[in-house]
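For the sequence shown, position 543 (counting from the first letter as 1) is numbered 542 according to numbering that gives the first Met the number 0, and the numbering increases by one without interruption. Yeah, the Cβ is synthetic: ideal placement off N, Cα and C, and Gly gets one too. Working notes, structure below.
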Amino acid sequence: MRPTRSVIATAIAASLALGYVLPAAAQSTDAVSAAVMASTLIGQVREAGRGVSLDGALVTVGDRQVSTDRDGSFRVSGLAPGNYRLRVDYLGYQAYESDVAIGSERGERVDVVLRSTVAADNLDRVVVHGSRDAQASALNQQRASTNYVNVVSADLLGQFPDNNIAESTQRIPGVSIERDQGEGRYVTVRGAPKEFTTVSIDGVQLANPDAGSRGVELDTIPSDVIAALEVTKALTPDMDGDAIAGNINIRTQSALDREGLTLRASLAGGKYQLGDGDNQRYNATVGNRFGADQNIGVLISGSLSKQGRFTDNVETLYQGAGAGFVPSEIQIKDYEGVRTRKGLTGRFDFRINPDHMLYLVASDANFTDREFRDNLIITLDRHVGDETAGTARATFDKELRERTYDKTIRTYNLGGEHYIGDTWKLDWQVSNSEATKTTDPRMQYIFRSTVRPQLAYDYGNYDFPSWTILGRTDAPATGVNIPEAWYGFRRLNDRYEYSEEEETALRLDLGRQQSFLGETGDIKFGVRARQRDKMFDDERYRNGSAADFAALGITMSDMLCDSTSNNFDYFLTGRRFCRDIFDKYAGQLIDSDNHVRLIPDSLTGDYSAEEDVYAGYVRLDANWGALTMIAGARYERTELEGRATQFDQDSGEALPTMTSRQYSTVLPSLHARYEFSADSILRASYSTGLNRPDFMHVAPYRILGERELDEDSDLNVRVIEEGNPLVKEAYAHSLDLSLEHYLRPLGLLSAALFYKRIDDPLFVASQDTDLGGGDTDRIIRAENGERGRIYGAELAWQQTFDMLPGAFSGLGIYANYTYAKSRAELPFDLGETELPGTSRTNYNVALTYENHKLNARLAYNYRSKFIQSFDVSNPGLNVYWDERASLDFSTSLKLGDGWSLFGEVNNIQDTRQIRFQGQRNRVLEMEGFGRSWLAGVRYQF
């Protein structure tokens, strides 16, 4: 154990002991009431329908105002004995007022029950409107926050047909996603690179299974195991600083969030149009309260989904040629696979008394993707012509890859909340998050054509180009479905990948009331320790022996089945491989002496890293009537070590290498909130944040490629990919200004402006080194640019039209729009470019309808094009994702006694996903995945 881990272990033990000792004397609610200080008013706010706790209710006592916590509890301290007027305001619910008397000998407790504004007929009958209650919960939490936060409840997200957390976030203003085969994976906030956003569960940062990026692969986490999503776009001093764009916090469900039994379950089945694969989804949640005072909550939530997905995919790579470009490689791919998600979350809460609470949360999310990929690769050289039309010599490879990767994210979180006397509050949390990603098997058969004919290409229709083989009577008249007899065995590739990341963390926060600034306020101090370990291992093997394959007594044709490749009903490449050929034929090839480990490739891409972050902060809250302020600063100390293995090709020696770096960062922030009225709020923020480089970019690895002739320059170029331990962290100054007007009975109109100045933005850049004699090394590694900036605006409109007559009162709208623009200076004085992930325009429009039985939602999401990666040596080959829109529909029908039917349809317009190099006519990738639908039954108690 590292010495710093010993410190954390000691701190954990002390924290647990403190959590036990402080509340040890309190055993019942009656005993607690006597312990409450005379100047304190405590209570809880719930709704009348299901006894659900109301988070974010504004509670006003005299001139003091507080907001309720997630379990609906509130505490107003520092009250002199006397009579007060208690007011509770919660959007979507009828206001509550009553008189309370604070005595001189003990405090008071008041429990408040609010009734929905859509309750019909009389106050004794409550009509439950699921999505309206969900919107009310989210909007009230957002309204009560001092800094700029967007909140979306799980019930509201459940109205959208989303498969995972990444897809759920795209409904939030300023949030967009990157997709893999049509399914959301990475999250981008306000046009910033995905690495600028952190993801946490109940405040615990998630470990990341991705070996190549700090951007968390959120397709791992199902969307059915959460209570709410909180997107914080302006950091406060008590938050981790490595979130330039913001933090997405996944809040888990608690049995104490409502009275009595919690029971929900659903099952559904459907199809994917492309490939006719199954679409299955199951989830269940059960929880209850225990103990004499119903102060213990236990809740378990699980989900399972299984998707049989098929994807059409066509790619063309381009390279420079003179003053223009030519196609260099074509890949026509069929993806066929099954994606399985499993999620399990358990939460234990012990509300010992109003002053003390302990909680334990454990979550496990697993994503398995088993995939077969048929691929026809056409490599072109000796071009005559340009990028639109011409001829070239063609080399054909036909291959099948079987790949299964298994990703898991596990998080454990133990914490407590303790009030000490009438002024101090202690919060503590110890946590562990571990993520693994295993790719096994990853095997690949490759067969190469023994004929290398001339091929005429025509990219006049750049989405659907045409190819014609010239000078061969045995070739097809058009297209590339060449004779199977042309192919001979090339090689069998065998590969294994494993990545792991683990973070152990400790947080201690201590706060109390302060009276030296403002009419009322608090001061808060805290310390934080995070220790993160990362490693990646890549093992590669190959058998390229034609004799070994001949010994099998088969040809490639014997490995093909009757199904044919027919991408987009246009690209025909012949019969596809049988799916059992690895089980049948790979064993003999693997057992051969010719099946060898590729030593450099299996060593030079591996790395490990240790990153320890120690932080301390001070936060000052002050109120002057309608004005609230948060001011403070955070200090973070980062200690980093990286290890890798470099390979000397001349001596054949593996050389272990280690680097280290330490640096400190100060992160000040200032937030202001002004209430023009209870429903009109102005917020302004200045905050700072940092983005640490990806682990692989600071590890001292060095991968040497083969030296090849560059047709454009006539130089022998060797590509070298390496880490850069000296690359610096990016640092950002952020300004935010927002105006929100909350609509009665339930709705929001808001506008926000944002600006970020980024020092030392990170790029993966290349630089050529002339070695003389026509030899050049092209070194690709992470580098810092000089400065960058992101700015833009957000607009949002949510509203339920309860005021309309009759059936029209069920109408509602959920809409938001984000404009973002970025610029950054490239390394080596190579000019400016946009940052990866910046789409100028993102918007959501969802039309909703809900009455006592029917709920329907038609949702449209749009994201404009954005740059994905850079070719610094030739910006004309920068890679962009093109614009994409999706139209989805979901509906549910209540049957009574808690039962309902529901259905979803995704990608109604059958939109494709397109990447291009430089400009739209150079299509790098066109991908189609078709429509999907799902129908099922749901029960909720």
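Going by Cα to Cα distance, which pick from the options is closest to residue i?
i	options	result
Leu961	Ile249, Gln443, Ile445 and Ala677	Here the chain covers residues 0 to 940 and nothing more, so residue 961 does not appear.
Ala227	Asn248, Leu217 and Asp239	Asn248
Asn841	Ala191, Phe807 and Gln443	Ala191
Arg288	Glu258, Thr554 and Trp796	Glu258
Ala550	Arg263, Ser872, Gly586 and Thr572	Gly586
Gly517	Tyr673, Tyr606 and Ala621	Ala621
Val526	Gln306, Ala614 and Leu85	Ala614
Tyr95	Asp54, Ala137 and Val44	Val44
Ile779	Glu785, Gly771, Arg786 and Phe762	Phe762
Val904	Val922, Asp611 and Ala855	Ala855
Asp426	Met356, Asn460 and Ile376	Met356
Arg489	Leu752, Phe446 and Leu654	Phe446
Val215	Gly240, Ala283, Ser144 and Asn246	Asn246
Gln141	Arg672, Arg178 and Ser304	Arg672
From the DSSP output, in three-state form, read off residue i for me.
i	result
Pro804	coil
Asp994	Residue 994 lies beyond the residue range present for the chain, which begins at 0 and ends at 940; the question has no answer from this structure.
Phe940	coil
Pro826	helix
Met356	strand
Gln512	strand
Phe195	helix
Pro160	coil
Met442	strand
Ser136	helix
Glu518	coil
Arg672	strand
Met238	coil
Thr219	helix
Ala10	Residue placement at Ala10 is poorly supported in this model, since its pLDDT is 48, which falls under 50; the coordinates are not used for a value here.
Arg131	helix
Leu375	strand
Glu833	coil
Glu483	helix
Ala855	strand
Ala34	The pLDDT assigned to Ala34 is 39, lower than 50, so where the model puts this residue is not dependable, and the model offers no usable value.
Gln318	strand
Leu876	helix
Residues in the same chain with beta-carbon distance under 6 Å from residue i, minus the five sequence neighbours each way, listed in chain order, please.
i	result
Asn492	Gln443 and Arg541
Gly902	Thr890 and Ala934
Ile295	Phe289 and Phe349
Ile468	Pro452, Leu454 and Ala474
Arg575	Asp373, Ser562 and Ser564
Tyr938	Ala264, Gly897 and Trp898
For the alpha helix (DSSP H) containing residue i, name the first residue and the last one.
i	result
Ile589	Ile580 to Asp590
Thr168	Ile164 to Thr168
Asp547	Ala545 to Ala549
Val697	Phe694 to Val697
Which residue comes first and which comes last in the beta strand (DSSP E) that contains residue i?
i	result
Phe915	Gln912 to Gln916
Phe888	Arg883 to Gly895
Gln798	Arg786 to Thr799
Asp758	Gly746 to Asp758
Thr775	Asp774 to Asn783
Gln648	Careful: Gln648 lies outside any beta strand (DSSP E) and carries neither H nor E.
Cys560	Leu559 to Asn566
Ile176	Val174 to Asp179
Asn593	Run containing Asn593: none; DSSP gives neither H nor E here.
Using a Cβ-Cβ cut-off of 8 Å (strictly less than) and excluding sequence neighbours within five positions of residue i, which residues of its own chain qualify?
i	result
Ser668	Ala233, Leu234, Thr235, Pro236, Ile629, Ala630, Gly631, Ala632, Arg633, Ser684, Tyr685, Ser686 and Thr687
Lys270	Gly276, Asp277, Asn278, Ser931 and Trp932
Quick one: residues in its chain with C-beta nearer than 7 Å to the C-beta of residue i, no 5 flanking neighbours on either side, listed in chain order?
i	result
His382	Ala320, Val325, Gly389 and Ala391
Leu892	Lys852, Leu853, Ser899 and Leu900
Glu833	Ser821, Arg822 and Ile866
In chain order, which continuous runs of the beta strand (DSSP E) of length 3 or greater are located wholly inside the region 377 to 425?
-> 388 to 419
Which runs of the alpha helix (DSSP H) spanning at least 4 residues fall entirely within the region 73 to 101, listed in chain order?
-> none
Could I get the ranges of all uninterrupted alpha helix (DSSP H) runs contained in the region 246 to 285, with 4 residues as the minimum, in chain order?
-> Listed in chain order, nothing qualifies, since the region 246 to 285 has no complete alpha helix (DSSP H) run of 4 or more residues.
Unbroken stretches of the beta strand (DSSP E), 3 residues or longer, contained in the region 44 to 69 | 57 to 60 and 63 to 66
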